[in-house]
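Residues in the sequence shown are numbered from 1 upward in steps of one, following the working numbering.
Some notes on the structure that comes next.
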Amino acid sequence: METVDLLNVSVDNLSTLELLEKLDIDGGVVFTPNVDHLIKLQYDRDFYETYKKCDFRVCDSQILMYASKFLGTPIKEKISGSDLFPAFYKYHKNSEHIKIFLLGAAEGVARQAQIKINDKVNREIVVATHSPSFGFEKNEAECEKIINLINESGANVLAIGVGAPKQEKWLVKYRHQLTNIKIFLAIGATIDFEAGHKARAPKWMSEVGIEWAYRLLSEPRRLWKRYLIEGLPFFG
């Protein structure tokens, strides 16, 4: 599989369809590196070690797309979690064996997403959801409860949206305890988007690489540090 090196991360040079086909055959853990991830990977050793253990790393940044082109190794396609996940459930709308567990978002939001997604594909593709408490990843008892919920749900796909690097670290730490899960998707704010709880940036903003500005204006208190402080070294 062709890869493109960006700083200390090898990004898989795949189209969405190629990734979906590979997941269908082999399963695996999917991360979607963006500028925020690359910055964190320079100083968070645990996150870096976590990244080495995933199966697929696909580009979730138009800025990184530009960088890859400048370096002479252009990436085929930007694949954000919020594009990959709907592509995944639409691709499998008639695949009765595919059953998804949604983990993330505020209380009730994942359930709203479940209803809307199942309506779109006209079947119960999302079989269960759970909205964990803040800081759940530090509570072993709660993590054990979540693992049991997932294992008992009948799902074989886990889509987790609790933010980076939390979601990636949690997936890798507990992957082998999730005995029925074959496909693991780290999808960030996608559950909120699917529920209609938050709006995505207009497509043109994503295409020119300024989706971050829309998200910053939508959630300034939560995202100002990520985009205005932590992201600056990438452009230095």
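C-beta atoms are modelled at their ideal positions from N, C-alpha and C, and glycine is treated no differently.
All figures in this text were calculated on a predicted structure; none of them were measured in a lab.
Three or more C-beta pairs closer than 8 Å, one from the segment 35-47 and one from the segment 147-160: is that the case here?
no
Please confirm whether Leu64 and Leu6 have their CB atoms less than 8 Å apart.
yes
Which residues DSSP lists as bridging Thr190, in chain order:
According to DSSP, Thr190 bridges with nothing at all.
Classification of Leu71 by the beta-carbon crowding that lies within 10 angstroms, buried from 16 upward:
exposed
Quick check on DSSP: helix, strand or coil for His97?
coil
Residue closest to Leu23, alpha-carbon to alpha-carbon, out of Cys59, Asn118, Leu84 and His176:
Leu84
Can you have a look at Ile25 and say buried or exposed, based on whether 16 or more other CB atoms are within 10 angstroms of its CB?
exposed
According to DSSP, Phe56 sits in a beta bridge with which residue or residues?
Val30
Comparing the CB of Ala195 with every heavy atom of the ligand COA, is any distance shorter than 7 Å?
Only the bare structure without any ligand can be found here, which leaves the ligand COA out of the picture.
I'd like to check one pair, Val58 with Leu14: are the Cβ atoms closer than 8 Å?
yes
Using a Cβ-Cβ cut-off of 7 Å (strictly less than) and excluding sequence neighbours within five positions of His37, which residues of its own chain qualify?
Ala164
Thinking just about the alpha-carbon of each residue, which of Gly28, Asn34 and Gln62 is nearest to the one in Lys203?
Gln62
Between the beta-carbon of Asn94 and the beta-carbon of Asp60, is there less than 8 Å?
no
How many angstroms separate the CA atom of Ala159 from the CA atom of Arg175?
12 Å
Quick check on this structure: which residue in Thr32, Pro86, Val121 and Lys166 has the alpha carbon closest to the alpha carbon of Ile134?
The identity of residue 134 in the sequence shown is Phe, whereas the question assumes Ile. Of the listed residues, the one whose Cα sits closest to Phe134 is Lys166.
Taking the alpha carbon of Glu168 as the reference point, which residue from Thr3, Thr16 and Val29 has its own alpha carbon closest?
Val29
Can you tell me which of the three DSSP states Gly72 falls into?
coil
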